[in-house]
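Its first residue numbered 79, the sequence shown is counted upward by one per residue in my numbering.
Single-structure report; data block below.
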Amino acid sequence: MKTSILRSIPTGFVKRNLEQMSIAANRVLSVGGLNSPVSDLELISFRDSSTTQGLKVFTDQGIGGFSQAQMDSVHLPPSTLDSDAPAQYARFHGTISIELPTNQPNVERSGFAAWRTQDPQWTLLGRAVFNCEAHAFLALRIKSDGSKYYVNLQSDSMVTSDLFQHRLFTKKPGQWETVYLPFTDFVKMHMGGVMKRQERIPQNNLTTVGLGLIDRIPGPFELCIEAIWVSSLRAE
């Protein structure tokens, strides 16, 4: 009996290729002026509980520190929902500690926690990067505790330790809100410091997106995220 080639291809591989083909088609239409305004492009959604399982969560424990962090999926019953709260979202939470390891004198600072998406996988069109060159804003639907969070983006053309960063400015701590960050305002960073030579973020090959807490204020923290996407317009 002959085995179908398509049956032997992993479902995830097929899905990634279809997604990349859809992104490429939308890009062609937008360049040709046939799709105006450009549709929003979702980078990650936490409306599916399995999404949190594929994330990288890290803290200063990697250098001997004592901060703790984790990413949980939260599902709310319909009877408990208000007009703004989503039924499903992710909860990034933990405890920040600035205590230094006694057995590592070279470590002079601690007190951070962060998460990011996994590195992109390969498709028939190359690595499954995000092409956001037709969009002006990175948008996030979040509920913050008022701490100083930063949004981190990485590009396929960058050194691994480099990233583009923007402060997550919120207006309604403790409430759900949508925050729009202009791509033009992201700052290039290297090993936690601002690079002297700045350049615009290469929006055509973004690889990862994530959030970090680096205000070094000891104690618990909590940031809830429903979704992160890119948009050509800032909604009112």
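Glycine included, C-beta positions come from ideal geometry on N, C-alpha and C.
Contact check, residue i vs residue j, beta carbons under 7 Å
| i | j | result |
| --- | --- | --- |
| T130 | A191 | no |
| S239 | N283 | no |
| P179 | G140 | no |
| S309 | F208 | no |
Rounded separation between residue i and residue j - CA only
| i | j | result |
| --- | --- | --- |
| D160 | D118 | 25 Å |
| S145 | Y228 | 17 Å |
| P280 | S157 | 44 Å |
| K226 | L291 | 6 Å |
| Y38 | T137 | The question about residue 38 has no answer, for the chain in this structure spans 79 to 314. |
| G111 | P183 | Unreliable placement is indicated for G111, whose pLDDT of 47 sits below 50; the coordinate value is still reported in the next sentence. In a straight line, the C-alpha of G111 is about 59 Å away from that of P183. |
| R219 | R294 | 24 Å |
| F264 | E277 | 9 Å |
| S188 | I174 | 9 Å |
| R245 | N181 | 33 Å |
| F261 | L289 | 15 Å |
| E177 | M269 | 20 Å |
| E186 | R275 | 26 Å |
| V237 | T256 | 31 Å |
Local Cβ density within 10 Å of residue i, reported as buried at 16 or more and exposed below that
| i | result |
| --- | --- |
| P296 | exposed |
| H213 | buried |
| Q253 | exposed |
| P164 | buried |
| V109 | Annotation note: pLDDT 47 at V109 (below 50); position unreliable, no value reported. |
| A271 | Rather than Ala, the amino acid found at residue 271 in this sequence is Gly. Classification of G271: exposed, given that the 10 Å Cβ count is below 16. |
| T248 | buried |
| P155 | exposed |
| F91 | Only weak support exists for where F91 lies, its pLDDT of 46 falling under 50; the coordinates are left without a value. |
Beta-carbon proximity list for residue i, same chain, < 8 Å, skipping 5 on both sides
| i | result |
| --- | --- |
| P251 | S222, D223 and G224 |
| F124 | T130, S151, Q166, Y167, A168, I303, E304 and A305 |
| G46 | Residue 46 is absent from the structure shown; the chain starts at 79 and stops at 314. |
| S127 | S151, H153 and Q166 |
Close beta carbons around residue i, own chain, < 6 Å, minus the five adjacent residues each side
| i | result |
| --- | --- |
| M273 | K266 |
| T286 | R194, T195 and Q232 |
| G132 | Q196 |
| L241 | N230, Q232 and M267 |
| D162 | W254 |
| Q243 | Y228, N230, V265 and M267 |
Same chain, Cβ closer than 7 Å to residue i, five either side skipped, listed in chain order
| i | result |
| --- | --- |
| R312 | F215 and Y258 |
| P198 | R205, A206, V207 and T285 |
| V106 | For V106, the predicted model reports a pLDDT of 46, less than 50, meaning its position is unreliable; a value from the coordinates is still stated below. So no residue of the chain qualifies. |
| W307 | D118, L119, E120, L121 and A217 |
| K134 | W193, R194 and Q196 |
| C210 | L119, Q281, L284 and V308 |
| L301 | F170, I220, S222, D223, Y227 and L289 |
Could I get the ranges of all uninterrupted alpha helix (DSSP H) runs contained in the region 195-273, with 4 residues as the minimum, in chain order?
none
Please go through the region 272-311 and give each complete beta strand (DSSP E) segment of 3 or more residues, from N-terminal end onward.
284-291 and 297-309
Could you tell me which whole beta strand (DSSP E) segments of length 3 or greater appear in the region 120-174?
133-137, 146-153 and 166-174
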